[in-house]
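What follows is a set of notes on a single structure, which appears directly below.
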Amino acid sequence: MIFQRAVSIAVTGFLCGLMSVALALSNSVLLARGDLLPLLTPIASAILFATAILPIATAFLSTMPGQVTTTQEISVVALAAVTGAATAAFGGDPASGLLPTILVTIGLASVLCGVTMYALGALRLGRITRYVPYPVFAGFLAITGWYLITGGLETIIGGHLSLPRLLELADGVVALKIGAALCFVVAVELANRRFPSGVALPLGALAAIALFNIVVAVLGLSQPELEALGWLALVPATGLGWPPVGIDQLGNVDWSAVASGLLFAPFVVIITTAGAMMNVSGIELDTRRDIDLNAELRSMGAGNVLSGLFGGIPGFPAVSTTMLAERLGAWYRATGVVTGAVAILALAFAPQVFARVPVPMLGALLIWVGVSLIMDWLVRPIRTLRRSEYAIILVILGVSIAAGLPAGIAMGLLTALVLFAVEYARVDGVRFIATGRDLHSRNITPLRRSEMASRGEAITIIKLAGFLFFGTSDRIVQRITGQAQTAGKNGAWFAILDFSRVTGVDSSTILSFERLRRIAERDGFRVVFAGLGPLGQRLVDGGLDIRTAPFHLAPDLDAALNWAEGELLGALAETRPDIVPAQVSLGQLLGDTELAGAVFPYLERMEYQADERLILQGTAADDILIVESGQGSVMLETKGDAPLALMDFAPGTILGEIAFYGREARSASALARTQVVAFKLSRAALDKVEVEQPAAAAAFHRALGRVLAERLQSANRLIRVLAD
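For the sequence shown, my numbering gives the first residue as 7, with consecutive numbering after it.
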């Protein structure tokens, strides 16, 4: 097992190192263009040294033990603007000052990238990528697969895939190289299925290298001939020396040119950081591992600072090499160390290393990983994603191929935002709709409660949620208008909008509510805004007058219900009496004063002071209370949170009957706000009533059964409303 792991790490690290070195050399050519072409070798030396530092440093800091960090083309493209500006502004002697000026500019840009990444990780802002839609990540991985395939082909043919180069595919040598690469891909895939442990794959790669060198020896081909035919990578015969500049040469740096170049550094920081987070999130999706994005940002930040201090370019975990390590079963920190060691060796032994490794095999590795990503993130999602979501992947793929990866990702995000806006607009922003029959204010009296059973349809309660914008607000107005046309035909009608769960509104919502005002004035109904809070000022600032009819403001839903009930039942408004004798309440409950008189002697008079509990939540329910005077509230008490007021009680209210009959613990507490006098009927007293006054006891049970049935019906109606 240990030997198997060691072989897997050594071979995988070697292959990843070769791929990273090849990528570093191609990045050097990409960066050292135009006036910088004479500096190709020292720039390649600096980039190759960074290629060694990055995987070693991040191997110990990353939460992904198998990730392989390397230099990235997307950063090089951005750095080209920095080096171009620095070169244009350079005013010293090119022979002695241009190279140190360019390397210092590149290094400082890399340090800025590292500091930014580390700061984002330290501030725990890595989760910002969690808000990127899944199809965008899928599109990013799909286009990465495309780039790996095309990059593999370009590696094989030795140039960019253009129409003239495509015509060269018919050439015998090019066709042979592509054929050899495809054979390697097929062999690797078959070995991967036959030996899922992954050991056969790196051994197969070593076997391919050995076979290539045997064939070369048999045919008697020289290294220059193979380099000319594109079978081997072309490396300067003198190797890549280190360091590219001496400390004494730093005195020749043109700092004004450095400053001119660093004006474009923010572009490098943004591109590199965005690309890094996309890569890490893509690796997380593909490997199905939970990755700490903040730790990864700190890891990449430290690696890029080290790279920049030595004049290297920025880097981050590469999808290609990391996926190669994952698929070859080398998900260990040592893989990154071996990768970095190969890059260090390449500095000194680049000609010897690349003289043994065929270029088509390196291209084949890229093609193999690319095809895997295409299958996972372009082909398989056809069966799992909706058409609109899958279209985002195709948009990213098409735009990236036509205009580049940044444009593709930007277009994908824009498409995802448009899709989100369209789909969110279909949500009406309504959590539930109830009527005055289902919901009452906490302090409603028994007389008003019974009246609301028949007239409660005149009050509609609409509980809103989320962010209200053009689509949702228009739907809300349509719902209110439809309700008003049906429920408001028989007289006064009230629409209560509860904003307690609304997070925000846009200007279109204000326009929709202005239209609601005109409709309410025309049709003669009232609109109550409950729980607006800070949103009220937002509506006022937008030009909506919410303080005059037909609008009415209430601090919360209970206050809105209380006002609407008062407006609806104004003709039935009764003054709350200070005292309702318990015997009178008992007579109203039983519907017979004689039976009430028979039960009343069994009740015990109780007195409670303000802020004293009549009933304590969680205690045994051994009695029923009839409130004769005073007021209070029934409260649901929860750990760590403020008590939730369920209802108010006043003279004539009966408390505790549900838990009493269920023989359960009290589900809520009853708290006195003023001095309260109540009469208690204990379980023991009720047992005596059943023995001594059986007719009165039977009437009492029937009456409380009727009360419980009415409350159950009301609860069932509310449950149906909430479940709709």
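Beta carbons: idealized from backbone N, C-alpha and C, even for Gly.
Selection from the options that minimises the alpha carbon distance to residue i
i, options, result
"Ile49", "Phe606, Leu24, Leu85", "Leu85"
"Tyr608", "Gln615, Ile398, Ala702", "Ala702"
"Gly127", "Gly23, Ala340, Ala52, Ala282", "Ala282"
"Met417", "Ala397, Glu429, Val428", "Ala397"
"Arg393", "Gln543, Met329, Ala422", "Ala422"
"Leu710", "Ser675, Ile632, Ala648, Val682", "Ile632"
"Glu233", "Arg130, Phe426, Ser102, Pro366", "Pro366"
"Ala115", "Glu429, Ala87, Lys686", "Ala87"
"Ala764", "Asn258, Phe66, Leu291, Val27", "One cannot answer for residue 764 here, as it falls past the ends of the chain, which runs 7 to 730."
"Phe426", "Glu395, Pro412, Arg448, Ser262", "Glu395"
"Arg708", "Ala674, Ser673, Ser675, Tyr667", "Tyr667"
"Ser34", "Ala16, Glu79, Val221", "Glu79"
"Ala604", "Arg528, Asn258, Asp177, Val695", "Val695"
"Glu429", "Arg130, Leu188, Phe475", "Phe475"
"Ala671", "Gly257, Ile621, Ser518", "Ile621"
"Thr515", "Pro540, Phe500, Arg481", "Arg481"
"Gln543", "Asp564, Gly530, Val511, Glu290", "Val511"
"Val82", "Phe655, Leu400, Gly318, Asn219", "Gly318"
Other residues of its chain near residue i: CB distance less than 7 Å, five sequence neighbours each side excluded
i, result
"Ala471", "Gly435, Arg437, Arg507, Val508"
"Val586", "Glu634, Pro657, Gly658"
"Phe20", "Val344, Val348"
"Phe146", "Met284, Gly288, Ile402, Ile415"
"Arg455", "His446"
"Leu368", "Leu24, Met25, Ala28, Thr161"
Test item: CB-CB of residue i and residue j under 9 Å
i, j, result
"Ile450", "Ile468", "no"
"Ala464", "Asp598", "no"
"Thr77", "Pro320", "yes"
"Ala352", "Leu154", "no"
"Ala536", "Leu503", "yes"
"Gly267", "Gly97", "no"
"Ala665", "Ala627", "yes"
"Thr341", "Val74", "yes"
"Val682", "Tyr614", "yes"
"Gly346", "Ile112", "no"
"Leu714", "Arg448", "no"
"Leu149", "Ser406", "According to the sequence displayed, residue 149 carries Ile and not Leu. Yes, they are a contact pair."
"Ala739", "Gly636", "What is shown of the chain runs 7 to 730, which leaves residue 739 out entirely."
"Ala570", "Gly442", "yes"
"Pro364", "Ala186", "yes"
"Thr487", "Leu541", "no"
"Ala95", "Asp260", "yes"
"Ser591", "Ile525", "no"
"Thr328", "Gly72", "yes"
Neighbourhood of residue i by C-beta, 8 Å cutoff - its chain only, sequence neighbours within 5 removed
i, result
"Gly204", "With a pLDDT of only 49 at Gly204, under 50, the local geometry of the prediction cannot be trusted, and the value read off the model is given with reservation. Answer for Gly204: Ser14, Asn198, Arg333, Leu334, Gly335, Ala336, listed in chain order."
"Ala579", "For Ala579, the pLDDT reaches just 45, beneath the cut-off of 50, and the residue's location in the model is therefore unreliable, although a value from the coordinates is still provided. So the list reads Gly572, once near-sequence residues are dropped."
Residue burial classification, residue i (beta-carbon count within 10 angstroms, cutoff 16)
i, result
"Thr492", "exposed"
"Leu567", "buried"
"Arg461", "buried"
"Val424", "exposed"
"Arg679", "exposed"
"Leu182", "exposed"
"Thr390", "exposed"
"Cys119", "buried"
"Ser513", "exposed"
"Leu532", "Per the sequence presented here, residue 532 reads as Arg, with Leu not at that position. Counting Cβ neighbours within 10 Å, Arg532 comes out buried, since at least 16 surround it."
"Thr18", "buried"
"Leu677", "buried"
"Met381", "exposed"
"Glu663", "buried"
"Ile62", "buried"
"Ser102", "exposed"
"Val221", "exposed"
"Leu225", "exposed"
Any C-beta of chain D under 9 Å from that of residue i
i, result
"Phe475", "This model lacks chain D altogether, as it is built from one protein chain only."
Beta-carbon contacts of residue i that lie in its chain and below 6 Å, excluding the five residues immediately before and after
i, result
"Leu45", "Ala38, Leu105"
"Met306", "Met123, Ala282, Phe322"
"Leu650", "Leu642"
"Gln255", "Pro106"
"Gly376", "Gly151, Leu154, Ile155"
Between the region 287 to 303 and the region 104 to 119, do at least 3 Cβ pairs fall closer than 8 Å? Contact between the region 287 to 303 and the region 104 to 119 is not established, with fewer than three Cβ pairs separated by less than 8 Å.
Tell me, please, whether the region 364 to 379 touches the region 146 to 158 by the rule of three or more beta-carbon pairs shorter than 8 Å. Yes, they touch.
For the structure I just gave you, are there three or more beta carbon pairs, one from the region 261 to 275 and one from the region 298 to 314, closer than 8 Å? Contact between the region 261 to 275 and the region 298 to 314 is absent, because fewer than three Cβ pairs lie under 8 Å.
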